[in-house]
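Following: one structure in structure tokens, then a few remarks.
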Amino acid sequence: PEKPVVKWQLKRDKPVTVVQSIGTEIIGNLRPDYRDRIRVLENGSLLISPLQLADEGAYEVEVSITDDTFTGEKTINLTVDIPISKPQVLVASSTVLELSEFFTLNCSHENGTKPTYTWLKDGRPLSNDSRLLLSPDQKILTITRVLMADDDVYSCLVENPISHGRSIPVKLTVYRRSSLYIILSTGGIFLLVTLVTVCACWKPSK
57 PEKPVVKWQL KRDKPVTVVQ SIGTEIIGNL RPDYRDRIRV LENGSLLISP
107 LQLADEGAYE VEVSITDDTF TGEKTINLTV DIPISKPQVL VASSTVLELS
157 EFFTLNCSHE NGTKPTYTWL KDGRPLSNDS RLLLSPDQKI LTITRVLMAD
207 DDVYSCLVEN PISHGRSIPV KLTVYRRSSL YIILSTGGIF LLVTLVTVCA
257 CWKPSK
């Protein structure tokens, strides 16, 4: 039987011809970015390996038995993703004073495409609170007007269509303002006692 002519195109503003073949035999030269990565299988399927992010898109295949007889066409959407690497929560400090104006946590990861972010408090998704502000991509969590109830462990969950990663929890310690006043006043008393003692013990030399 006569082998089919197969043509694969990647739909762009200007369509890109990926490969043409008679059966599994490739016709002509492949583009440099496809060289050594393209094969046409016996059933007309296109094999791309290894995949690159630029390969994502809509592919159209046309199959014909001869130049004069058009058999059919089909469009297939290809999505390419990179797995999520281990995320981590970045904070300027792990301690904060009660009623501070704001405290920011940043969910950071090196690799991963199309990420979505979920913030967890003590392992559970954060409940709605007008004091909690999220950046448009939800990567950054800002706690405004910090309360004692915010003293807890926080982590972020990052997901994409093929993988997910969860950060190691970060402990946020919130101090009461009254505790700070006690610490400061105690320090002041200690400093005063020290100064009095030094003055009492020091005698000018003759």
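In our numbering, the protein residues as written are 57 to 262.
C-beta atoms are modelled at their ideal positions from N, C-alpha and C, and glycine is treated no differently.
E118: member of the beta strand (DSSP E) spanning 113-122, first to last residue.
In chain order, I121, T122 place their CB closer than 8 Å to the CB of E58, counting only its own chain and leaving out the 5 sequence neighbours on each side.
Ranked by Cα distance from Q194, the options A148, K67, T160 are led by T160.
With fewer than 16 other Cβ atoms from the protein chains shown falling within 10 Å of its own Cβ, D185 counts as exposed. Separation of R180 and A205 (C-alpha to C-alpha, rounded to the nearest whole angstrom) is 15 Å.
When DSSP reads this structure, L153 sits in a beta bridge with Y231. Take the alpha-carbon of S105 and the one of C163: they are about 32 Å apart.
DSSP lists T198 as the beta-bridge partner residues of T160. Rounded to the nearest whole angstrom, the C-alpha separation of L153 and L188 is 17 Å.
Rounded to the nearest whole angstrom, the C-alpha separation of E98 and E129 is 17 Å. When rounded, the separation of the alpha-carbon atoms in P139 and I83 is 35 Å.
Shortest Cα-Cα distance from V61 to any of V75, N216, V214 involves V75.
Check the Cα spacing between K67 and each of D137, A110, S150, V202: the tightest is with A110. Around the beta carbon of L103, fewer than 16 other beta carbons lie within 10 angstroms, which makes this residue exposed.
For Q144, the beta-bridge partners assigned by DSSP are S164.
Classified as buried, P171 has 16 or more neighbouring CB atoms from the shown chains inside 10 Å of its CB. Between V136 and E112, the gap from beta carbon to beta carbon is short of 8 Å.
Listed as beta-bridge partners of I138 by DSSP are no residues whatsoever. Where L103 is concerned, the enclosing beta strand (DSSP E) starts and stops at 102-104.
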